[in-house]
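Numbering (my numbering), first residue to last: 543 to 820.
Where a beta carbon is used, it is the ideal one built from N, C-alpha and C, also for glycine.
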C-alpha cells in the first residue's frame, strides 16, 4: 500500500524566536481540533567518545543493561540537536502538522550510530552554520522548551497516542525534557513509571521498530521499512528530525492498515524496542 498524498506538508523550523508561537499552534491543534497522534524523532550528538556503562554489545545485553547504557549516555552528555514532531488526525482531509525544533548543542560533535553502537568517524557541523539563512538563528533553550511542553497539553494526556521508531533514545530525551533535565530514573522499572506518568499510559505508546519485528517481512531501519511498505519521504531529508518524524507517521499509518487490522497493534502498545521484557 503506497501513501497517496496530494500535498507536501510544511516542516516548520522552530528556534528560540518562534518557540512560544509554535507551541501555541500545537496546543490549538490538540484541544478540540481533531489532532491526537504525536510522532517524534530526535537527532543528537555525542559529547564524549564513550559514555556507556559497559563494553558489552547491545545484542548481548539484557533490557536493564541496555537502559543503563541509554541513561549513561544521555545523563553523561549526549546532546539533543533537533526534535521533530508531527501531529496527525484520524479525520479524513486533516493535514499533518510538522515541526522541527532546533536546540543549541555546540559544533563538531560526533553523531552516534544506533545500529552499530560505534562513533561515526567524520564530525558533522551544526546545520545552522552550513546555511547562511540560519546564521542569526538562536537555538532553543531546553528549559524554555520544557516549560512550554508542560503547558501545551501533550503531557499527561491519555487521549494522545505517541509513535516512535526505535524509541529508547527518543522517549528518554522526552522524559529528560519533561522533568526539566533531571537525571533519568536509576532503573528500567522507574523509567517505565516515568513514561507512564508523562505520556498517558503504556497503551498510548507505539514503537514501529518493535511492531516491524512482529511481522514476517519488515526489518531494518526506518528508510528500509518505509520502502518495504511503499511509503515515500515526501518532505525534507533523512536524519533531519522533522522529515523523519513525518516519515515515521506515514509508515505507522501504512503498517497498521497492512499488518495489524482490527486493532491488533494494541497488544503491542507500550513495548519499546530493546528495553522491554517480552
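Between 710, 565, 791, which has its C-alpha nearest residue 606's C-alpha?
Against the chain shown, residue 606 aligns to sequence position 64. Taking residue 606 as reference, the option from 710, 565, 791 with the minimal CA-CA separation is 710.
Is the separation between the beta-carbon of residue 562 and that of residue 716 shorter than 8 Å?
Within the chain shown, residue 562 is the residue found at index 20, counting from 1. Within the chain shown, residue 716 is the residue found at index 174, counting from 1. Contact check for residue 562 against residue 716 fails: the beta carbons are separated by 8 Å or more.
Give me the DSSP bridge partner(s) of residue 583.
On the chain shown, position 41 is the one that residue 583 refers to. In the DSSP output, where bridge partners are listed per residue, residue 583 has 626.
Pull up the DSSP beta-bridge partners for residue 749, would you.
Within the chain shown, numbered from 1, the residue matching residue 749 stands at position 207. Beta-bridge pairing links residue 749 to 706.
Proximity to residue 633 [Cα-Cα], best of 687, 714, 809, 574
In the chain shown, counting from the first residue as 1, residue 633 sits at position 91. Comparing Cα-Cα distances from residue 633 to each of 687, 714, 809, 574, the minimum goes to 574.
Assign residue 586 to one of two classes, buried (16 or more other C-beta atoms within 10 Å of its C-beta) or exposed (fewer than that).
Position 44 of the chain shown, counted from the first residue, corresponds to residue 586. Under this definition residue 586 is a buried residue.
Neighbourhood of residue 722 by C-beta distance below 6 Å, restricted to the same chain and skipping five residues each side:
One-based indexing of the chain shown puts residue 722 at position 180. Result list for residue 722: 688, in chain order.
Per DSSP, which residues does residue 621 bridge with? Please list them.
Start at 1 with the first residue of the chain shown, and residue 621 comes out as number 79. Answer is 587.
In terms of alpha-carbon separation, which member of 630, 604, 631, 640 lies closest to residue 551?
To locate residue 551, count along the chain shown from 1; it is residue 9. Proximity to residue 551 across 630, 604, 631, 640 peaks at 640, based on C-alpha coordinates.
Buried versus exposed call for residue 642 [16 or more other C-beta atoms within 10 Å across all chains shown]
For the purposes of this step, residue 642 is identified with residue 100 of the chain shown, where counting begins at 1. Classification for residue 642: buried.
Simplified DSSP assignment, three categories, for residue 640:
Along the chain shown, read from residue 1 onward, the residue named residue 640 stands at position 98. Looking at residue 640 - three-state DSSP - the assignment turns out to be strand.
Hey, how far is the Cα of residue 801 from the Cα of residue 785?
Here residue 801 refers to the residue found at position 259 when the chain shown is read from its first residue. Here residue 785 refers to the residue found at position 243 when the chain shown is read from its first residue. Between residue 801 and residue 785, the C-alpha separation is close to 23 Å.
Measuring alpha carbon to alpha carbon, tell me which residue in 572, 602, 559, 813 is nearest residue 713.
Numbered from its first residue, the chain shown carries residue 713 at position 171. Relative to residue 713, the option among 572, 602, 559, 813 whose CA is nearest is 813.
Tell me whether residue 804 sits in a helix, a strand or coil according to DSSP, three-state version.
On the chain shown, position 262 is the one that residue 804 refers to. DSSP places residue 804 in coil when its eight states are reduced to three.
Does DSSP put residue 550 in a helix, a strand or coil?
Along the chain shown, read from residue 1 onward, the residue named residue 550 stands at position 8. Coil at residue 550, not helix or strand.
Just checking my contact of residue 751 with residue 815 at CB under 8 Å: how many whole Å lie between their CB atoms?
Here residue 751 is taken as the residue at index 209 of the chain shown, counted from 1. Here residue 815 is taken as the residue at index 273 of the chain shown, counted from 1. With 8 Å as the limit, residue 751 and residue 815 qualify as a contact, their Cβ atoms being about 4 Å apart.
Quick check: the Cα distance between residue 697 and residue 740, rounded to an integer number of angstroms?
In the chain shown, counting from the first residue as 1, residue 697 sits at position 155. In the chain shown, counting from the first residue as 1, residue 740 sits at position 198. Here the C-alpha atom of residue 697 lies approximately 5 Å from the C-alpha atom of residue 740.
Within 10 angstroms of the Cβ of residue 806, are there 16 or more other Cβ atoms? Answer buried if so, exposed if not.
As a first step, residue 806 must be located in the chain shown, where it is residue number 264. Counting of Cβ neighbours within 10 angstroms places residue 806 among the exposed residues, the total staying below 16.
Going along the chain, which residues of its own chain have a beta-carbon closer than 6 Å to the beta-carbon of residue 568, five neighbours each way excluded?
Along the chain shown, read from residue 1 onward, the residue named residue 568 stands at position 26. Contacts found: 694.
Are there 16 or more other CB atoms within 10 angstroms of the CB of residue 556, so buried, or fewer, so exposed?
Position 14 of the chain shown, counted from the start, is the residue given in the question as residue 556. Counting the other Cβ atoms within 10 Å of the Cβ of residue 556 gives 16 or more, which makes it buried.
Going by DSSP, what residue range makes up the alpha helix (DSSP H) through residue 570?
Residue mapping note: residue 570 aligns to position 28 of the chain shown, counting from 1. Unbroken alpha helix (DSSP H) run through residue 570: 561–572.
Quick check: the Cα distance between residue 794 and residue 735, rounded to an integer number of angstroms?
The sequence position of residue 794 within the chain shown is 252, counting from 1. The sequence position of residue 735 within the chain shown is 193, counting from 1. Here the alpha carbons of residue 735 and residue 794 stand approximately 25 Å from one another.
Contact set for residue 680: own chain, Cβ-Cβ below 7 Å, skip 5 residues either direction
Position 138 of the chain shown, counted from the first residue, corresponds to residue 680. Closer than 7 Å at the Cβ level, and outside the excluded window around residue 680, lie 557, 558, 559.
So what's residue 773 in DSSP terms, helix, strand or just coil?
In the chain shown, counting from the first residue as 1, residue 773 sits at position 231. Residue 773 falls in the coil class under three-state DSSP.
Give the range of the alpha helix (DSSP H) segment to which residue 693 is assigned.
Working through the chain shown from its first residue, we reach residue 693 at position 151. Note, residue 693: alpha helix (DSSP H), 684–694.
For the putative contact between residue 748 and residue 705, defined by C-beta atoms under 8 Å, what is the C-beta separation to the nearest angstrom?
In the chain shown, residue 748 corresponds to position 206, counting from 1. In the chain shown, residue 705 corresponds to position 163, counting from 1. That pair is a contact at about 5 Å.
Closest by CA to residue 604, which one among 566, 730, 630, 582?
Reading the chain shown from its first residue, position 62 is the one you call residue 604. Residue 730 holds the alpha-carbon nearest to the alpha-carbon of residue 604 among 566, 730, 630, 582.
Please state whether the Cβ-Cβ distance between residue 787 and residue 627 is less than 8 Å.
For the purposes of this step, residue 787 is taken as residue 245 along the chain shown, with counting starting at 1. For the purposes of this step, residue 627 is taken as residue 85 along the chain shown, with counting starting at 1. Yes, they are a contact pair.
Rank 572, 728, 782, 724 by C-alpha distance to the C-alpha of residue 636 and give the top, closest one.
On the chain shown, position 94 is the one that residue 636 refers to. Closest option to residue 636, Cα to Cα, is 572.
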